[in-house]
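Peer 1: The numbering of the sequence shown is my numbering, which starts it at 1 and goes up by one.
Think of the CB as a built atom: it goes at the ideal place given N, C-alpha and C, for glycine as much as any other residue.
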Amino acid sequence: MGSYFQPEIETATRDYLHAVQSARLIRMVENCYRNVPFYRRQFDAAGLLPGDIHSIADITKLPFTEKQDLRDTYPFGLFAVPREKLVRIHASSGTTGKQTVVGYTQEDVLHWAEGAARALVAAGATKEDYIHVSYGYGLFTGGLGLHYGAELLGATAIPVSSGNTKRQVQILQDFGSNFLCCTPSYAMFIGETVAQMGIDPKTLAVRGGLFGAEPWTENMRRKIERLLDIKAHDIYGLSEIAGPGVSYDCKEFHGMHICEDYFYPEVIDPETLKPLPDGEFGELVFTCIGKEALPLVRYRTRDISALVHEPCGCGRTLVRMLKPRGRTDDMLIIRGVNVFPSQVEHVILEQGLEPNYQIVVDRQDSLDVMTVLVELSDAMFSDSVAFIETAQARLKNAMLSTLGVSADIRLVDPRSLPRSEGKAMRVVDRRKLVD
Ligand code: DLL
1 MGSYFQPEIE
11 TATRDYLHAV
21 QSARLIRMVE
31 NCYRNVPFYR
41 RQFDAAGLLP
51 GDIHSIADIT
61 KLPFTEKQDL
71 RDTYPFGLFA
81 VPREKLVRIH
91 ASSGTTGKQT
101 VVGYTQEDVL
111 HWAEGAARAL
121 VAAGATKEDY
131 IHVSYGYGLF
141 TGGLGLHYGA
151 ELLGATAIPV
161 SSGNTKRQVQ
171 ILQDFGSNFL
181 CCTPSYAMFI
191 GETVAQMGID
201 PKTLAVRGGL
211 FGAEPWTENM
221 RRKIERLLDI
231 KAHDIYGLSE
241 IAGPGVSYDC
251 KEFHGMHICE
261 DYFYPEVIDP
271 ETLKPLPDGE
281 FGELVFTCIG
291 KEALPLVRYR
301 TRDISALVHE
311 PCGCGRTLVR
321 MLKPRGRTDD
331 MLIIRGVNVF
341 PSQVEHVILE
351 QGLEPNYQIV
361 VDRQDSLDVM
371 TVLVELSDAM
381 FSDSVAFIET
391 AQARLKNAML
401 STLGVSADIR
411 LVDPRSLPRS
421 EGKAMRVVDR
431 RKLVD
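1. Applying the 10 Å Cβ sphere with the 16-neighbour rule, what's the burial state of Met-514?
2. Which same chain residues, not among the five before or five after Asp-122, have their C-beta less than 6 angstroms away from its C-beta?
3. For Glu-240, tell me which candidate among Thr-301, Glu-252 and Ile-131 has the shortest Cα-Cα distance.
4. Distance check for Pro-414 and Ser-377, CA to CA, integer angstroms please.
5. Which residues in the same chain as Leu-204 place their Cβ atom closer than 7 angstroms to its Cβ, once the five residues preceding and following it in sequence are excluded?
6. Could you check which residue in Val-133, Gly-138 and Arg-167 has the C-alpha nearest to that of Glu-151?
7. Any chance the CB of Pro-265 is under 6 angstroms from a heavy atom of the ligand DLL?
8. Terminal residues of the continuous alpha helix (DSSP H) containing Phe-189?
9. What did DSSP end up calling Met-256 once you bin it into helix, strand or coil?
10. Between the segment 112-131 and the segment 173-192, are three or more C-beta pairs nearer than 8 angstroms?
11. Would you list, in sequence order, the uninterrupted alpha helix (DSSP H) runs of no fewer than 4 residues that lie entirely inside the segment 150-181?
12. Does DSSP put Glu-283 in a helix, a strand or coil?
13. So what's Leu-332 in DSSP terms, helix, strand or just coil?
14. Starting from Ser-305, trace the beta strand (DSSP E) both ways and give me its first and last residue.
15. With burial defined as no fewer than 16 other Cβ atoms inside 10 Å of the residue's Cβ, what is the status of Ala-116: buried or exposed?
16. Select from Gly-326, Ile-348 and Val-337 the residue whose C-alpha is nearest the C-alpha of Gly-138.
17. I'd like to know if the segment 63-74 and the segment 293-300 are in contact, where contact means that at least 3 CB-CB pairs between them fall below 8 angstroms.
18. Are Ser-185 and Ser-305 touching if we call contact CB-CB under 7 angstroms?
19. Does the Cβ of Arg-335 have 16 or more other Cβ atoms within 10 Å, making it buried, or fewer, making it exposed?
20. Looking only at its own chain, which residues have a Cβ that is under 6 angstroms from the Cβ of Pro-201, when we skip the five neighbours before and after it?
21. Report yes if the C-beta of Ile-334 is less than 6 angstroms from at least one heavy atom of the ligand DLL; otherwise report no.
22. Kindly list the residues whose CB is nearer than 7 angstroms to the CB of Pro-295, restricted to its own chain and excluding five residues on each side of it in sequence; keep chain order.
23. What is the rounded straight-line gap between the Cα of Tyr-388 and the Cα of Gln-351?
24. Ignoring anything shorter than 3 residues or poking outside the segment 226-280, list the beta strand (DSSP E) runs there in chain order.
25. Evaluate Ile-9 with the Cβ neighbour count: other Cβ atoms within 10 Å of its Cβ, from every protein chain shown; 16 or more gives buried, anything less gives exposed.
26. Short of 7 angstroms in beta carbon distance, which residues of its chain neighbour Ile-26, apart from the five on each side in sequence? Order them along the chain.
27. Helix, strand or coil: which one does DSSP assign to Phe-387?
28. Relative to the alpha-carbon of Leu-110, which residue among Ala-242, Asp-234 and Pro-7 has its alpha-carbon at the smallest distance?
29. Quick check: is any heavy atom of the ligand DLL less than 6 angstroms from the C-beta of Ile-235?
30. Let me check you understand the geometry: is the CB of Tyr-74 closer than 6 angstroms to at least one non-hydrogen atom of the ligand DLL?
31. Determine the direct distance from the alpha carbon of Arg-316 to that of Arg-430, and round the result to whole angstroms.
32. Whole angstroms are fine: how far does the CA of Leu-120 sit from the CA of His-309?
33. Rounded to whole angstroms, what's the CA-CA distance from His-147 to Ala-113? Just pull it up for me.
34. Taking 8 angstroms as the limit between beta carbons, can you name the residues of its chain near Glu-280, skipping five residues before and five after?
35. Verify the contact flag: Ser-239, CB atom, against every heavy atom of the ligand DLL, threshold strictly below 6 angstroms.
36. Apply the 10 Å Cβ neighbour rule to Asp-383 and answer buried if 16 or more other Cβ atoms are within range, or exposed otherwise.
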């Protein structure tokens, strides 16, 4: 048994949770129908009225929402509250340079912070602790998400943000940070830097970490734990639902407990769209039953996971999701940043180059490295070396400003990239994610 941030919810009975979920779903559906024209149209098309929803068991009557719906209504079209009720906007990258924009009311920020605080406590943090946040601060939800969670807990947030790894280590050492929050690949890099700087991790005060925003494995968990001499906890979230803290590891490390009082989960077969039983892997779907500003209905995350309702040794009754195994779409996560191959293609075309390209992703010194190979056209091939170098530099800058993550660019000879007779093999992902 451990301690909980909100035991009344985290250890509630199923009946109590169902009652909370049912009441919130009914309120949410009314809110959507009244305030979001998109949902009114969807419900009308399905012949549904808010009065048809009586309990959480009726959730399967509702239509699904997809990322495309957010794009089609960019930027604020799915918001259910007037502007004066919004207190925060975040965004994540999209396919054609357009971002997926999400908004929060004061209540929404509080509930999100509660999720992050639950995650911190489940990892063993208390109000006595220094929480070192190395997720990026900005439109990405990682930094501010853990930051608000730490403050709500009453712990001390250290908003370091990402980058400048030696300085990160210096701060860990000098401030005596107790918990480290960053992507698992960055945690590995920080761990390796600690070793390079000749520091014995046992001399650091850091006891645990909350690592997420990208898929990682049990093997990587063991490596990080060894490198930093800590317990490495997984934390999951997505901007559309809330940031980090939608679900989190407890001390049992058998799946992440979902804040199902706010984010109701289902796992469906992505082909038939039918719900799957416990333990079966499929596409994770969330309904934001407790959210005011962006109450998404049955949002298809594209993440592949499975649900487990069995009781957990930690005493929490909240359902668990198993470590995400990948995605049903082609989205890549490079150093925590979401990148779609179509976005890369868009930049290449914008720069007047041919759409014959390949994206190679590798891991060097625990960090993701993305290289984009782009074929020169015959005309460009005959140009001077200086011209080609300028084109390469321009493309590199354009990639960074559109994707938000840097890419190495290699302009290659015409017709030198492999052609495919079926689907183009645009991505070569050399990162090993299997244990
Ligand atoms: O990555 C929010 C977050 C920040 C989560 C910090 C955890 C820690 P997005 O940028 O919108 O939001 O990306 C969401 O990242 O659909 C998953 O594919 C992936 N993802 C997030 N957490 C995990 C995790 C943030 N723990 C997308 N394991 C999601 C595997 C994860 N994949």
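Peer 2: This is what the structure holds:
1. As shown, the chain starts at 1 and ends at 435. That puts residue 514 outside it, with no answer to give.
2. As a working note, residue 122 is residue 122 in the sequence shown. Correcting the residue identity first, residue 122 is Ala in this sequence and not Asp. Excluding positions up to five away in sequence, the list reads Tyr-248 and Cys-250.
3. By one-based count along the sequence shown, residue 240 stands at place 240. Between Glu-240 and the set Thr-301, Glu-252 and Ile-131, the nearest pair of CA atoms involves Thr-301.
4. Here residue 377 refers to the residue found at position 377 when the sequence shown is read from its first residue. Here residue 414 refers to the residue found at position 414 when the sequence shown is read from its first residue. Straight-line Cα distance between these residues: approximately 6 angstroms.
5. As a working mapping, residue 204 is identified with position 204 in the sequence shown. Contacts found: Leu-172 and Gln-173.
6. Taking the sequence shown and counting its residues from 1, one reaches residue 151 at position 151. Checking every option, the nearest Cα to that of Glu-151 belongs to Val-133.
7. Counting from one through the sequence shown, the residue named residue 265 turns up at place 265. Relative to the non-hydrogen atoms of the ligand DLL, the Cβ of Pro-265 never comes closer than 6 angstroms to any of them.
8. As a first step, residue 189 is located in the sequence shown; it is residue number 189 there, counting from the start. Per DSSP, Phe-189 belongs to the alpha helix (DSSP H) from 184-196.
9. What you label residue 256 is simply residue 256 of the sequence shown in a count that begins at 1. Under the three-state reduction of DSSP output, Met-256 falls in the strand class.
10. The segment 112-131 is in contact with the segment 173-192.
11. The alpha helix (DSSP H) runs lying completely inside the segment 150-181 and spanning 4 residues or more are 165-171, given in chain order.
12. The residue you call residue 283 lines up with position 283 of the sequence shown. Three-state DSSP puts Glu-283 in a strand.
13. Residue numbering aside, residue 332 sits at position 332 when the sequence shown is read from its first letter. Reduced to three states, the DSSP call for Leu-332 is strand.
14. On the sequence shown, residue 305 is found 305 positions in, with the first residue counted as 1. Unbroken beta strand (DSSP E) run through Ser-305: 299-305.
15. One-based indexing of the sequence shown puts residue 116 at position 116. Flag for Ala-116 reads buried.
16. Looking up residue 138 in the sequence shown gives position 138. Closest option to Gly-138, Cα to Cα, is Val-337.
17. Of all C-beta pairs linking the segment 63-74 to the segment 293-300, three or more are shorter than 8 angstroms, placing the two stretches in contact.
18. Counting from 1 along the sequence shown, the entry for residue 185 is found at position 185. Counting from 1 along the sequence shown, the entry for residue 305 is found at position 305. Cβ distance not < 7 angstroms, so Ser-185 and Ser-305 don't count as in contact.
19. Looking up residue 335 in the sequence shown gives position 335. With 16 or more other Cβ atoms within 10 Å, it is buried.
20. Sequence index remark: in the sequence shown, residue 201 carries index 201 (1-based). Only Val-194, Leu-228 and Asp-229 meet the Cβ criterion.
21. Your numbering for residue 334 matches position 334 in the sequence shown. Incorrect: Ile-334 has no Cβ contact closer than 6 angstroms to the ligand DLL.
22. On the sequence shown, position 295 is the one that residue 295 refers to. Closer than 7 angstroms at the Cβ level, and outside the excluded window around Pro-295, lie Met-28, Asn-31, Cys-32, Ala-80 and Cys-288.
23. Taking the sequence shown and counting its residues from 1, the one referred to as residue 388 is at position 388. Taking the sequence shown and counting its residues from 1, the one referred to as residue 351 is at position 351. The sequence as given places Ile at residue 388; Tyr does not occur at that position. The alpha-carbon atoms of Ile-388 and Gln-351 are separated by roughly 12 angstroms.
24. Counting only runs that start and end inside the segment 226-280, the beta strand (DSSP E) elements of at least 3 residues fall at 231-238, 242-249, 256-258 and 263-268.
25. The residue labelled residue 9 in the question sits at position 9 within the sequence shown. Result: buried.
26. Against the sequence shown, residue 26 aligns to sequence position 26. Taken in chain order, the residues that qualify are Ile-53.
27. For the purposes of this step, residue 387 is taken as the residue at position 387 of the sequence shown. Judged by DSSP in its simplified three-state form, Phe-387 adopts helix.
28. If you number the sequence shown from 1, residue 110 lands on position 110. That would be Ala-242, whose Cα lies nearest to the Cα of Leu-110.
29. Residue 235 sits at position 235 when you count from the first residue of the sequence shown. Yes, the ligand DLL has a heavy atom inside 6 angstroms of this Cβ.
30. For the purposes of this step, residue 74 is taken as the residue at position 74 of the sequence shown. Outside the cutoff, so no.
31. Working through the sequence shown from its first residue, we reach residue 430 at position 430. Working through the sequence shown from its first residue, we reach residue 316 at position 316. Roughly 37 angstroms separates the two Cα atoms.
32. Within the sequence shown, residue 309 is the residue found at index 309, counting from 1. Within the sequence shown, residue 120 is the residue found at index 120, counting from 1. Their backbone Cα atoms lie some 22 angstroms apart in a straight line.
33. Here residue 147 refers to the residue found at position 147 of the sequence shown. Here residue 113 refers to the residue found at position 113 of the sequence shown. As the crow flies, the alpha-carbon of His-147 is around 8 angstroms from that of Ala-113.
34. Within the sequence shown, residue 280 is the residue found at index 280, counting from 1. The beta carbon of Glu-280 sits closer than 8 angstroms to those of Val-267 and Ala-306, all from its chain and outside the five residues before and after it, given in chain order.
35. As a working mapping, residue 239 is identified with position 239 in the sequence shown. Within the cutoff, so yes.
36. Position 383 of the sequence shown, counted from the start, is the residue given in the question as residue 383. Asp-383 sits exposed, since fewer than 16 C-beta atoms from the chains shown fall within 10 Å of its C-beta.
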